[in-house]
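Residue numbers (full-length UniProt numbering): 1 to 221. For each residue, glycine too, the CB sits at the ideal point set by N, CA and C. What you are looking at is a predicted structure, and each value in this text was computed from that prediction instead of being measured.
Have a look at this one:
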């Protein structure tokens, strides 16, 4: 989809079934890598600079940090691209306490700081996963002149007619509680208020997020 401000938006949806054998797992990894590489190539063509070295800004999803991009960041850097992967507020190496992050704007502040610090005339390719899609949308809205393309990798993508949180509200409404497995939700403002933070449990990570990864990757996570 191409919105009115002519930013190129690429939605990349990768939800393969769990592999039954090592060969199937290897094949699925090859397919997923090819899809991502193809989408990045499409984004470059949309911007009129296929083959040109880019600056990629990688935005992690919920309960993660910049560390989760280590494989993709390595591949992009090896290809000569510049890579920036910020830790969002209270995530990864960011030292803020989650209790002190009260708005989504505050949560996304590390990303907006990256965007505001870009030299005049420089455009980046934003890549966001999962909840990172909302941070991408916020950055695109505030800095449209600094975005060459945005890649939403299985990410929340707000529309132009609903409030930004609509997609999250609908996702939570339609997702059975049992699907969260051992994820821990915190209600710092009382049990009758919406949850203020969450922490993915080890069983949720292994069965719902990293079931296609090698044991080494899951152990690292």
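Can you give the Cα-Cα distance for residue i and residue j, rounded to whole angstroms?
{"i": "residue 190", "j": "residue 110", "result": "28 Å"}
{"i": "residue 133", "j": "residue 161", "result": "17 Å"}
{"i": "residue 185", "j": "residue 98", "result": "12 Å"}
{"i": "residue 210", "j": "residue 82", "result": "27 Å"}
{"i": "residue 202", "j": "residue 84", "result": "28 Å"}
{"i": "residue 10", "j": "residue 197", "result": "Below a pLDDT of 50, predicted positions are generally treated as unreliable, and residue 10, at 38, falls in that range; no measurement from the model is reported."}
{"i": "residue 238", "j": "residue 114", "result": "No answer is possible for residue 238: it lies beyond the span of the chain, which begins at 1 and ends at 221."}
{"i": "residue 207", "j": "residue 163", "result": "31 Å"}
{"i": "residue 180", "j": "residue 31", "result": "27 Å"}
{"i": "residue 141", "j": "residue 102", "result": "20 Å"}
{"i": "residue 157", "j": "residue 126", "result": "13 Å"}
{"i": "residue 152", "j": "residue 27", "result": "23 Å"}
{"i": "residue 13", "j": "residue 118", "result": "In this predicted model, residue 13 has a pLDDT of only 37, less than 50, meaning its place in the structure is not dependable; the value taken from the coordinates is given anyway. Roughly 29 Å separates the two Cα atoms."}
{"i": "residue 178", "j": "residue 199", "result": "15 Å"}
{"i": "residue 77", "j": "residue 52", "result": "13 Å"}
{"i": "residue 104", "j": "residue 148", "result": "23 Å"}
{"i": "residue 167", "j": "residue 68", "result": "23 Å"}
{"i": "residue 123", "j": "residue 146", "result": "4 Å"}
{"i": "residue 169", "j": "residue 65", "result": "23 Å"}
{"i": "residue 23", "j": "residue 35", "result": "18 Å"}
{"i": "residue 95", "j": "residue 176", "result": "33 Å"}
{"i": "residue 183", "j": "residue 62", "result": "12 Å"}
{"i": "residue 121", "j": "residue 139", "result": "16 Å"}
{"i": "residue 212", "j": "residue 219", "result": "13 Å"}
{"i": "residue 7", "j": "residue 144", "result": "Low local confidence applies: a pLDDT of 39 at residue 7 is under 50, so the model's placement there is unreliable, with the coordinate-based value given in what follows. Spanning the two alpha carbons is a distance of roughly 7 Å."}
{"i": "residue 154", "j": "residue 33", "result": "14 Å"}
{"i": "residue 106", "j": "residue 135", "result": "10 Å"}
{"i": "residue 112", "j": "residue 192", "result": "32 Å"}
{"i": "residue 91", "j": "residue 159", "result": "26 Å"}
{"i": "residue 174", "j": "residue 89", "result": "27 Å"}
What residues are listed by DSSP as bridge partners for residue i?
{"i": "residue 198", "result": "185"}
Using a 10 Å radius around the Cβ and a threshold of 16 neighbouring Cβ atoms, would you call residue i buried or exposed?
{"i": "residue 108", "result": "buried"}
{"i": "residue 54", "result": "buried"}
{"i": "residue 217", "result": "exposed"}
{"i": "residue 222", "result": "Since the first residue shown for the chain is 1 and the last is 221, residue 222 is missing from the structure and cannot be characterised."}
{"i": "residue 214", "result": "exposed"}
{"i": "residue 187", "result": "exposed"}
{"i": "residue 93", "result": "exposed"}
{"i": "residue 129", "result": "buried"}
{"i": "residue 37", "result": "exposed"}
{"i": "residue 116", "result": "exposed"}
{"i": "residue 150", "result": "buried"}
{"i": "residue 137", "result": "buried"}
{"i": "residue 79", "result": "exposed"}
Exercise. Which parts of the UniProt domain "AB hydrolase-1" (55 to 176) are runs of the beta strand (DSSP E), unbroken and 3 residues or longer, counting only runs that do not cross its ends?
Worked result: 55 to 59, 82 to 84, 124 to 130, 147 to 155
Pair every Cβ in the stretch 70 to 82 with every Cβ in the stretch 51 to 58, then say whether three or more of these pairs are closer than 8 Å.
They touch, by the three-pair rule.
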